[in-house]
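Residue numbers for the sequence shown follow the numbering used here, so the first one is 7 and each next one is one higher. Note that beta-carbon positions come from the ideal geometry of N, C-alpha and C, so glycine has one too.
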Amino acid sequence: MGTGDGASGPTVLSFPNVRGEPQVGFDRAELQRILDLYGRMVAAGEWRDYAMSFGKDAASFAAFRRTAERPTARIEKRPALRTKQGMWTLFGEAGQVLKRGHELAGVLSVLERKLLKIVED
7 MGTGDGASGP TVLSFPNVRG EPQVGFDRAE LQRILDLYGR MVAAGEWRDY AMSFGKDAAS
67 FAAFRRTAER PTARIEKRPA LRTKQGMWTL FGEAGQVLKR GHELAGVLSV LERKLLKIVE
127 D
């Protein structure tokens, strides 16, 4: 997708939406971090399915225990809140805000704590 001369890096094209409006999305590192957590939660038997949504104001990753249910957790990236309360928000199953923050790692730490188990000798 680059120019072919090797002088410049590859050109990244966003997936076009029907109206031609810009969309908020996750960058590669953010998506890798989220999918890593998703894989560990699946292995622990907590989650079984996920869905992603991309709009002009926010991108969202929702994790489900069962497909037909409401999401167990929803991670939302809303860049407009970057300078205020932070662009990352973690919502619980009932839609309540569990954590807000400027860093994805801090918001995901709430879910990662569920993976910690006490090990006895």
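ask   = What is the residue span of the alpha helix (DSSP H) that G112 lies within?
value = Position 106 of the sequence shown, counting from 1, holds the residue named residue 112. 110-118 is the extent of the alpha helix (DSSP H) around G112.
query = When you compare only the Cα positions, how much space is there between T95 and F60?
reply = Translated into the one-based positions of the sequence shown, residue 95 becomes position 89. Translated into the one-based positions of the sequence shown, residue 60 becomes position 54. Each residue's alpha carbon lies about 15 Å from the other.
V30, DSSP secondary structure in three states = As a first step, residue 30 must be located in the sequence shown, where it is residue number 24. Assignment of V30 by DSSP, reduced to helix, strand and coil, places it in the coil class.
Cut-off 6 Å between Cβ atoms - residues of its own chain near G31, not counting five sequence neighbours on either side = Numbered from 1 along the sequence shown, position 25 holds the residue referred to as residue 31. Within the same chain, G31 has close Cβ partners F60, A65.
query = What do you get for L122, buried or exposed, if any count of 16 or more other CB atoms within 10 angstroms of its CB means buried?
reply = In the sequence shown, residue 122 corresponds to position 116, counting from 1. Classified as exposed, L122 has fewer than 16 neighbouring CB atoms from the shown chains inside 10 Å of its CB.
message = Please tell me whether K120 and E52 are closer than 9 Å, where the distance is taken between their beta carbons.
response = Numbered from 1 along the sequence shown, position 114 holds the residue referred to as residue 120. Numbered from 1 along the sequence shown, position 46 holds the residue referred to as residue 52. In this structure, E52 lies closer than 9 Å to K120 by Cβ.
inquiry  = Mapping the DSSP letters down to three states, classify L104 as helix, strand or coil.
reply    = Here residue 104 is taken as the residue at index 98 of the sequence shown, counted from 1. L104 falls in the strand class under three-state DSSP.
query = At which residues does the beta strand (DSSP E) containing R80 begin and terminate?
reply = As a position in the sequence shown, residue 80 is number 74, starting the count at 1. Per DSSP, R80 belongs to the beta strand (DSSP E) from 79-83.
query = Is DSSP giving M93 helix, strand or coil here?
reply = By one-based count along the sequence shown, residue 93 stands at place 87. Assignment of M93 by DSSP, reduced to helix, strand and coil, places it in the coil class.
inquiry  = Tell me which residues share the same chain as V113 and place their Cβ nearer than 6 Å to its Cβ, disregarding the 5 neighbours each side in the sequence.
reply    = Indexing the sequence shown from 1 puts residue 113 at position 107. Result list for V113: W94, L96, K105, G107, in chain order.
key: Coil, strand or helix - D55 by DSSP   = As a first step, residue 55 is located in the sequence shown; it is residue number 49 there, counting from the start. It is a strand residue.
inquiry  = At the 9 Å Cβ level, is K120 part of the contact set with chain C, yes or no?
reply    = Absent from the structure: chain C. Only one protein chain is present.
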